[in-house]
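Trainee:
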Amino acid sequence: MQNLAEVKIIKELFREHQFRFYKGLLANKRVFVWAVRSPDFSWRSAEKRFHKLLDKNMPNILTLRHFASYRGEYRFVIDGTSEFKTLKSWINLKPGYSEKLKICSSILRSLLGLHSQDFTHCWITEDSFIIDSEGNACMIDFPVKNMYYSSVLKKDQIKSNSLFGLPPKDKTRQKIFDTKNIALLIVRILTGSVPPLVAGKFLIPRSLNRDFSGALNKILNEDSEDILQNIPILIGRIEMMNEEEDSLKKGSLFNYFSIFSRKYLEPFSRILLTVASIWASFEVIYLLGFTQIDSRVPNVIGQTESIGFSKLQSKGFDINVVGFEDETNFDKGLIVRTSPTAGSSLKKGQLIDVWISSGYFENIIPDFIDLDFDVYVSELIKNNIWPSKIESIRTNQFLDWEIKSLDPPPGSSLSQDQDIVLNVYFLEDTDLFEFPDFQNLNIGNSLQLLKDKDFEINGAVRTKRYLEGNVNQQKIIYQFPKYQSMLPALLHSDLLFIVKESSNWSFDMSELPPWVNDGGIEIVVKYGSEMEVWNEVITRGLKKVSFQSKMNSILLSNKKPVSIIISQDGKLAWSSQFE
25 MQNLAEVKII KELFREHQFR FYKGLLANKR VFVWAVRSPD FSWRSAEKRF
75 HKLLDKNMPN ILTLRHFASY RGEYRFVIDG TSEFKTLKSW INLKPGYSEK
125 LKICSSILRS LLGLHSQDFT HCWITEDSFI IDSEGNACMI DFPVKNMYYS
175 SVLKKDQIKS NSLFGLPPKD KTRQKIFDTK NIALLIVRIL TGSVPPLVAG
225 KFLIPRSLNR DFSGALNKIL NEDSEDILQN IPILIGRIEM MNEEEDSLKK
275 GSLFNYFSIF SRKYLEPFSR ILLTVASIWA SFEVIYLLGF TQIDSRVPNV
325 IGQTESIGFS KLQSKGFDIN VVGFEDETNF DKGLIVRTSP TAGSSLKKGQ
375 LIDVWISSGY FENIIPDFID LDFDVYVSEL IKNNIWPSKI ESIRTNQFLD
425 WEIKSLDPPP GSSLSQDQDI VLNVYFLEDT DLFEFPDFQN LNIGNSLQLL
475 KDKDFEINGA VRTKRYLEGN VNQQKIIYQF PKYQSMLPAL LHSDLLFIVK
525 ESSNWSFDMS ELPPWVNDGG IEIVVKYGSE MEVWNEVITR GLKKVSFQSK
575 MNSILLSNKK PVSIIISQDG KLAWSSQFE
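Counting in my numbering, the sequence shown tops out at residue 603, every number present.
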């Protein structure tokens, strides 16, 4: 860490409560410095928190890289920028509406990135952002405010200039606090003022887009965790409004009047209300007689599901998620394809098919040295590698199920859709049988087929499931071992399945391997960073309505993946990852 005593302070740019923001030089390089002056600031607590954040990189956030105490100030040095305007000075330049929308989008993305890493800000204001030379907003005071309000010793002496009071202690409540403060900032940027409080409720200006103001109203006037889901909705609405703004500039005389009224009549509230009333009348006429006018499909390729869906829905389209697209270089969870494509003309209410990226697939095949067959297969799955085939090799020099080699060999980079073959030894006197095909069967029927063919299952049933609204019956799209593999009747390895099935998923007892008895079981459910452990006295407890309703609740209310693991007496029996 560099000595911050070497920072030469050139100028104080602004101050806010206990914080000062300086321009300075460090090692002949221009830097910007946050300084905290407070006798109540806990140095040790803050320093411990700061070091956990040093290597974090998030979009639209300039991370602080150095931290030290100097002459009664706790200084934090920002790198990554040299020329910028403060957000406050940028607003005073009276930028155009499109520029405002762009800045609002990058401000919201900074908070989305922060919360996605499970961090909070705790004190978002105009001074939290700068506008860089490329016209993007960047957050510059993370984690200064968070550290200060988490570490200050005498919280009852802190003065609050926030309409929402002081930051709460609970992490979820802090995220809600951040979301409300950033919503106020967005309204301030777009309208020039903070919305007034009327009877304890914020009154959102009518000059804002109706769908957009609805999301803002929910954030500012409600207090549940659900408002956290509105940040991607706001981003989608803003980007849609920006695209419409660009298209309006090339449009008709009526469209020019729309821009003129929005830009120049905003300060005159009475005139604006009159214009809004006339506009509403046009909307009524439109709804009564022109509902079949076509609308163009927006470009949502590369967008997250929440933002892309928000843009499509704002155009009045319905959405059908067809499935996952494997052959793509997009990150997991991004939209990779739509049908009809962007720019197509459709009537409102029509269906848009959407494909989501399952992530860029490239992995290094791990070594199998000193690993049993079933342990090695588990290791492959941990690396998101699902093996393709077992090639049986007869020998009397090695025991059954010992791995001879892999194709491609360990250390290779596995490319998209490339098979991985496990070459496995079996004794010459071990009877081998052809493994059956599970095509057109579900998992329960597949286990019954194995029993009918005298295979004995001693491992677990492990699955990956894609839940889709337009699928009625479970469909197996992958099985391991593969059809026609020559294997012993006693299967010690786990059975692997990848299936598509209805989004109205329910647990099927017939999917449990036959060695599971009616004794007690343990169920582990993982979603996001959360984990729940349930215990059932008897296996039949899985049939309970309460178990199924708990599972459905978790699947509906959490982002995928969600995983369920069922064990008996410490042995894995069944697991599934829901995508």
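Just so you know, even glycine gets a beta-carbon here, dropped at the ideal spot from N, CA and C.
Could you name the residues of the same chain whose beta carbon sits closer than 6 Å to that of Ile-547, not counting the 5 residues immediately before and after it, in chain order?
Mentor: Counting only Cβ-Cβ distances below 6 Å, and skipping sequence neighbours, we find Trp-558, Ile-590.
Trainee: For Met-264, does the count of other Cβ atoms within 10 angstroms reach 16, so buried, or fall short, so exposed?
Mentor: Met-264 should be labelled buried.
Trainee: Cβ of Phe-457 within 8 Å of Cβ of Gln-503?
Mentor: In this structure, Gln-503 does not lie closer than 8 Å to Phe-457 by Cβ.
Trainee: Less than 8 Å between the beta carbons of Ile-481 and Leu-519, yes or no?
Mentor: A contact, by the Cβ cut-off of 8 Å.
Trainee: Compare the Cα-Cα distances from Asp-165 to each of Leu-135, Leu-190, Gln-141 and report the closest residue.
Mentor: With distances taken between Cα atoms, Asp-165 lies closest to Leu-135.
Trainee: Could you round the C-beta distance between Pro-537 and Val-485 to whole angstroms and report it? I think they count as a contact, below 8 Å.
Mentor: At roughly 6 Å, the Cβ-Cβ gap stays under 8 Å, so Pro-537 and Val-485 are in contact.
Trainee: Do you know how far the Cα of Leu-511 is from the Cα of Ser-534?
Mentor: Rounded to whole angstroms, Ser-534 to Leu-511 spans 23 Å at the Cα level.
Trainee: Would you grab the beta carbon distance between Val-211 and Pro-220 for me? Rounded to a whole angstrom, and I think it's under 8 Å.
Mentor: Incorrect: roughly 11 Å between the Cβ atoms, too far for contact.
Trainee: Please report how far the alpha carbon of Gln-42 lies from the alpha carbon of Arg-54, in whole angstroms.
Mentor: The straight-line gap from Cα to Cα measures roughly 23 Å.
Trainee: Please return the same chain residues whose Cβ sits closer than 7 Å to the Cβ of Leu-514, not counting the five positions on each side in sequence.
Mentor: Cβ within range, chain order: Glu-480, Asn-482.
Trainee: So what does DSSP say about Trp-598, is it helix, strand or coil?
Mentor: Trp-598 falls in the strand class under three-state DSSP.
Trainee: Which one or two residues does DSSP pair with Gly-483 in a beta bridge?
Mentor: Note: Gly-483 sits in no beta bridge, so no partner.
Trainee: For Gly-594, tell me which candidate among Gly-544, Thr-454, Lys-204 has the shortest Cα-Cα distance.
Mentor: Looking at the Cα atoms, Gly-544 is the closest of the given residues.
Trainee: Among Val-523, Gly-435, Phe-459, Arg-489, which has the Cα closest to the Cα of Gln-508?
Mentor: Nearest option by C-alpha distance: Phe-459.
Trainee: Look up Gln-503 in the DSSP assignment and give the residues it is bridged to.
Mentor: Paired residue(s): Phe-521.
Trainee: Compare the C-alpha of Leu-209 against each of Asp-151, Ile-467, Glu-249 and name the closest.
Mentor: The candidate whose alpha carbon is nearest that of Leu-209 is Asp-151.
Trainee: Taking the alpha carbon of Gly-373 as the reference point, which residue from Trp-147, Trp-598, Gly-340, Ile-388 has its own alpha carbon closest?
Mentor: Considering only alpha carbons, the answer is Gly-340.
Trainee: May I ask whether a heavy atom of the ligand MG can be found less than 7 Å away from the beta carbon of Ile-343?
Mentor: The model depicted lacks the ligand MG and carries no ligand whatsoever.
Trainee: Between the segment 196-209 and the segment 239-251, do at least 3 Cβ pairs fall closer than 8 Å?
Mentor: Verdict: yes, contact present.
Trainee: Contact check, Trp-114 vs Ile-148 under 8 Å by CB: the rounded distance?
Mentor: Contact flag wrong, Cβ pair sits at about 16 Å.
Trainee: Looking at Phe-450: is its Cβ nearer than 8 Å to the Cβ of Asp-424?
Mentor: In this structure, Asp-424 lies closer than 8 Å to Phe-450 by Cβ.
Trainee: Return the Cβ separation of Tyr-551 and Ile-578 in integer angstroms, given the expectation that the two are a contact with Cβ distance under 8 Å.
Mentor: Indeed, because the Cβ distance is near 6 Å, the residues count as touching under 8 Å.
Trainee: Does the separation of the CB atoms of Ile-259 and Arg-133 fall below 8 Å?
Mentor: Result yes, Cβ atoms of Ile-259 and Arg-133 sit closer than 8 Å.
Trainee: For Arg-39, which residues from the same chain have a beta carbon less than 8 Å from its beta carbon, with the 5 sequence-adjacent residues on both sides left out?
Mentor: Cβ neighbours of Arg-39 beyond the five flanking positions: Phe-45.
Trainee: Rounded to the nearest angstrom, what separates Phe-531 and Leu-214 at their Cα positions?
Mentor: Going from the Cα of Phe-531 to the Cα of Leu-214 covers about 49 Å.
Trainee: So, is Gly-120 buried or exposed, given that buried needs 16 or more other C-beta atoms within 10 angstroms?
Mentor: It is exposed - the Cβ of Gly-120 has fewer than 16 other Cβ atoms within 10 Å.
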